[in-house]
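Below you'll find the structure, written out as structure tokens, and then a few comments.
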Amino acid sequence: MSSAQAPSLPPLIPREILFGNPEKTSPQLSPDGNYLAYIAPDEKNVLQVWLRTIGQEDDQILTADKKRGIRIFFWTYNADQLIYMQDSDGDENFHLHLVNIHSKIVRDLTPFQGVKAELVELEPKFPDQVLVALNLNNPQKFDVYRINLKNGAVEFDTDNPGNIISWTSDAEFQIRAATASTPDGGYDLLLQKSDKQWEILRHWGPEEEGNSVSFSDDGKTLYIQGNHDANAKRLLAVDLDTRQETVIAEDEQYDVVGIIIHPLTRVIQAVSFYKDKQEWQVIDQSIATDFEEIAKVRSGEFSIISRDLEDKTWALAYRTDNGPVYYYAYNRESKTSTFLFSNQPKLEALQLASMQPISYEARDGLTIHSYLTTPLGIPTQNLPTVLLVHGGPWARDTWGFSPTAQWLANRGYAVLQVNFRGSTGYGKAFLNAGNREWAGKMHDDLIDSVNWLVEQGISDPQKIAIMGGSYGGYATLVGLTFTPEIFAAGVDIVGPSNLITLIETIPPYWEPLKAMLYHRVGNLETEEEFLKSRSPLFFADRIQKPLLIGQGANDPRVKQSESDQIVNAMQQAGLPVQYALYTDEGHGFARPENRLHFFAIAEEFLAKYLGGRFEPLADIPGHSGIVK
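Numbering-wise (this note's numbering), the sequence shown opens with residue 559 and increments by one.
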């Protein structure tokens, strides 16, 4: 006799595989095509920049960061040099560091205390220069500086009148266009005239968005993105003689998201739209065959992440929902692809869940798109569930591998990631539907998603938690204060608790965006009571269910005080709260030791209140967490 085996979850996936460092990631081709640089951990598990000669296995480490790890780097157009960006313990005051790949000498190009550096542009015709924006003269605004990569000289280039938030240079490496914020919460498209004065080419109102993208090689055309005269953000060409705009790419519902521009000719080659999944539209037919060949290499969404200046070789990334990111080198002459590496090979042997795009109708009829991940091996019925809310809120969740969703599904939870109103990519009507709706209709969309899960029989209504970072952390606090009967527990990561103090303490360089915040969130000067009515801190006494909070002590966006004040309010009211503060982190957890520590705490927390599985918390050397 035999009996059918009871359904069971796959083996526990170690948190180290999901939240630890990647094995290798972010490959970038040198401009001469001779080298491949990438990010990988050293023997102390700190992320560094590594170098490999194309066609050889002579991998060597280039950098020697001591603790935080390097995540952002790019080649200069001098093939002997690359630049990485690094802040201090999450303070977001990034410095640019120049590395010589032969001598391995590192030079801080922006050695200014308390100053934030932003890359503006690199230009192949000027390989020994870089344009950088620095808030050196005034912490509230970024002026443009030209840095000489040979001797490190920093030269003032372009003054910011105070409201410019992004810059665009032409083929002669001169700043000629900019996007500026305006007092109504909108934006101006600016063109710099020969006398260095700014001319307004167009205005986008507070319900619109737009920005400059690039100049044509001859400087007679400016490419821009904008959703004026349309619902979704389009890519347009502006004739600078006639000021006539021509549409290059558009979709009625979805914004243009990605743009590929040839680095030498400055020709627009392709654009992407993010629908349920990414979709490419080829503009330059000279690469149409390449895109057809690339799509055949393997399943998943592909992107071109790097190319050499001769345009012979492209570095490609393939992303899927249930495996690592796979990187390839594609030869345009032979139309062949060579596998480089994946970011986490250990994932390949594991049983990983799929991410399913779904949609439902909100209570007012608006269609809401989401992604559902459910556990393998057991029926998708009456499951404990985690509503995983994205940050921003002017951002969105996308299809692909999510370590957090995989972790939760492996532990036995259904996971829903909701692109609630106000999320980006779906056009301006959907974006503007979120205006002034923090803790309002944006939260209704989340509650409607919970109701949908219960109606479908997927979720146990008594075992639903809410979790997220940044705005998602705020949404967690809203969930436990405004709808305390819905959720069994909450996990808030760097979420604001008080919209008044959030806006009062924004970084100084966000000052130009204050009008936009006033329009989309609420006006601090005239609507304090309204903001108070949407702030969980003032309703902390309504909390009935357990809460876990994770916070970085150096967060410049959502200050530590945002978490401190709601923890204090709950403790004074005798309400259950667990608080993990990381002394060397900012707006999120960059160091793997801290990620592993926090998610171990979160896993045990969720298991206690939802009943899922958990991998016991082991000792994690080097984390900075203080648990209260």
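Built from N, CA and C at the ideal position, the CB exists for glycine as well.
Bear in mind the structure is a predicted one, so any value in this text is a computation, not a measurement.
query, result
"A1138 - partner residues in DSSP beta bridges", "G1108, V1185"
"Uninterrupted beta strand (DSSP E) stretches inside the stretch 761 to 824 (no shorter than 3 residues)", "768 to 773, 779 to 784, 792 to 797, 803 to 807, 814 to 819"
"8 Å Cβ cutoff met for Y886 and S1007", "no"
"Q939 vs G1015 beta-carbon contact at 8 Å", "yes"
"Rounded distance between the beta-carbons of T621 and Q606, thought under 8 Å", "5 Å"
"Strand pairing of Y642, partner residues [DSSP]", "F631, H655"
"Spatial neighbours of I597 in its chain, beta-carbon cut-off 8 Å, leaving aside the 5 residues before and after", "P580, K582, T583, S584, L605, Q606, V607, W608, I628, R629, F631"
"Cβ shell of M1128 (< 8 Å), same chain only, five flanking positions each side left out", "A1098, I1101, L1105, P1134, V1135"
"Residues near L526 in its chain [Cβ-Cβ closer than 7 Å; skip 5 each side]", "There is no way to answer for residue 526, as the model of the chain reaches only from 559 to 1186."
"Residues near N993 in its chain [Cβ-Cβ closer than 6 Å; skip 5 each side]", "R1078"
"Residue interval of the beta strand (DSSP E) (run including H1001)", "Premise fails: H1001 lies in the alpha helix (DSSP H), 999 to 1013, not in any beta strand (DSSP E)."
"Status (buried if at least 16 other CB within 10 Å, exposed otherwise) for I758", "exposed"
"DSSP beta-bridge partners of D866", "Note: D866 sits in no beta bridge, so no partner."
"Proximity below 8 Å, CB of V976 to CB of D1003", "yes"
"Anticipated Cβ contact below 8 Å, W957 with T982, distance rounded", "15 Å between Cβ atoms; not a contact."
"Supposed close pair T866, D645 - CB separation, criterion 8 Å", "Residue identity differs from the one stated: residue 866 is Asp in this sequence, not Thr. About 30 Å separates the two Cβ atoms, so there is no contact after all."
"Beta strand (DSSP E) segment containing R877, residue limits", "871 to 877"
"Own chain partners of T804 with C-beta closer than 7 Å, once the 5 adjacent residues on each side are dropped", "L794, A795"
"Exposed unless 16 or more other CB atoms sit within 10 angstroms - verdict on L570", "exposed"
"Pairwise C-alpha distance: I1159 and G720", "44 Å"
"Sequence-distant residues of its chain with Cβ nearer than 8 Å to N1188 (five each side left out)", "With the chain represented from 559 up to 1186, any question about residue 1188 goes unanswered, as that position is not in the structure."
"Sufficient close CB pairs (3 or more, under 8 Å) joining the stretch 1083 to 1095 to the stretch 1064 to 1072", "no"
"Same chain only: Cβ atoms within 8 Å of S560, ignoring 5 sequence neighbours per side", "Reliability of the predicted coordinates at S560 is poor, the pLDDT of 41 falling under 50, and the value obtained from them is presented with this limitation in mind. Cβ within range, chain order: n/a, list empty."
"Minimum length 4: unbroken alpha helix (DSSP H) runs contained in the stretch 915 to 943", "none"
"Residues bridged to Q586 (per DSSP)", "A595"
"First and last residue of the uninterrupted beta strand (DSSP E) at G543", "Not covered by the structure: residue 543. The range shown for the chain is 559 to 1186."
"Beta-carbon gap between H653 and V664 smaller than 8 Å", "no"
"Assigned exposure category for P695 - 16 Cβ within 10 Å defines buried", "Per the sequence shown, residue 695 should be read as Asn rather than Pro. N695 comes out exposed."
"Beta-carbon spacing of D617, N1112 below 8 Å", "no"
"Selected residue, minimal CA-CA separation from D813, among W872, K833, H820, V825", "K833"
"Distance between beta carbons of A991 and L1075, contact taken as under 8 Å", "Not a contact, Cβ separation roughly 17 Å."
"Backbone secondary structure at R954 - three-state DSSP", "coil"
"Beta-carbon gap between F1156 and F1147 smaller than 8 Å", "yes"
"Coarse secondary structure for V1036, derived from DSSP in three states", "helix"
"Cβ neighbours of G1030 in the same chain (closer than 6 Å, five flanking residues each side left out)", "V947, H948, G949"
"L707 beta carbon less than 8 Å from that of V688", "yes"
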